[in-house]
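Written below as structure tokens is the structure these notes are about.
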Amino acid sequence: MHDNHCMKKILFIQVFATIFINNAIQRKLYYMMCS
């Protein structure tokens with residue numbers, strides 16, 4: 042049960058990191074296209 046909880050935490054962190062990285066890439070693309 043404790044192991045499953047750790048796996049859920051890791052999965053949540055991975056998803057959050059992916060979304061955050063995608064947002065950073067999108068912002069860079071917006072700056073490149075607008076400037």
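My numbering applies: residue 42 is where the sequence shown begins, and numbers increase by one.
The C-beta atom is built at its ideal place from N, Cα and C for all residues, glycine as well.
Fair warning: this is a prediction, and the values are worked out from it, not measured in the lab.
Cβ-Cβ distances below 7 Å link D44 to nothing in the same chain once the five nearest sequence neighbours on each side are left out. Rounded to the nearest whole angstrom, the CA to CA distance from H46 to I60 is 21 Å. Excluding sequence positions up to five before and after V56, its CB lies less than 6 Å from no other CB in the same chain.
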